[in-house]
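Numbering (UniProt numbering), first residue to last: 1 to 174. Using N, Cα and C, we set each Cβ at its ideal position, and we do this for glycine too. If you're wondering where the values come from, they're calculated on a predicted model, not measured in any experiment. Here's the structure, in structure tokens; my notes come after.
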Amino acid sequence: MNLTLMPVLKIHKLKLLEGKDQLGLYLNLDIPESWPTFPEAFHISDRDSKTDGSVEADIWGGYFFIDEAAKRLVGNGGYTGAPDSADSVEIGYEIATEFWNRGYATLAAGRLIEFAFGQPNVLRVKATTLAEQNASNNVLKKCGMKFLSEEPNSELGKVWVFGIERKDFENRNP
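Given below as structure tokens:
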């Protein structure tokens with residue numbers, strides 16, 4: 001399975017505001033019915049590049065997950081921002097329900113982790129899940145992450161924090 005990560009640009013967000021069909025036409029991709037679960041990920045902010053796409057994408061922003069062979073968008077995700085003062089980044093992702101249990105989430109999360117550690121200023125990658133056993137926990141564990149803590153969350157009550165250190169990523173057996 002080949003999964004491409006395409007940076008989400010402002011023009012993509014504008015097309016999505018017009019409708020999923022318009023985004024699909026613009027990208028020349030099939031867009032799943034169940035996507036996006038979290039439309040707030042496509043809020044237009046000051047971090048966005050110019051509408052015409054002429055400015056390089058923010059590497060610590062969002063990405064579409066694309067199955068090139070099938071010419072379809074299967075989900076999206078990315079980073080919550082640039083590395084913090086502890087040289088950590090946080091990833092997040094969503095896969096359209098039509099594509100659950102096919103390995104896309106593990107592949108996408110793995111690519112986000114790999115890209116982050118490809119940057120010299122990142123020492124750890126973190127992710128949060130609901131504070132319960134679920135498929136997301138398993139995805140993160142498959143990517144080498146370990147449970148770190150349970151923390152309060154104003155929206156969800158509690159979340160579980162998973163993470164992987166650069167040294168552990170570099171010493172893993174892929």
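- Taking C-beta atoms under 8 Å as the contact rule, Ala127 and Glu150 fail to qualify, at a distance of about 14 Å.
- By the neighbour-count criterion, in which 16 or more other beta carbons inside 10 Å mark a residue as buried, Asp67 falls on the buried side.
- Pairing Lys167 with Phe115, the inter-Cα distance amounts to about 15 Å.
- Residue pairing by DSSP places Lys146 opposite Gly163 in a beta bridge.
- Taking a cut-off of 8 Å for Cβ pairs, the region 97-104 and the region 144-160 do not touch, as fewer than three such pairs fall below it.
- No Cβ-Cβ contact shorter than 8 Å links Tyr93 with Leu3.
- Only exposed fits Lys158, as fewer than 16 other CB atoms lie within 10 angstroms of its CB.
- In this structure, DSSP gives Asp58 a state outside helix and strand, which the three-state scheme calls coil.
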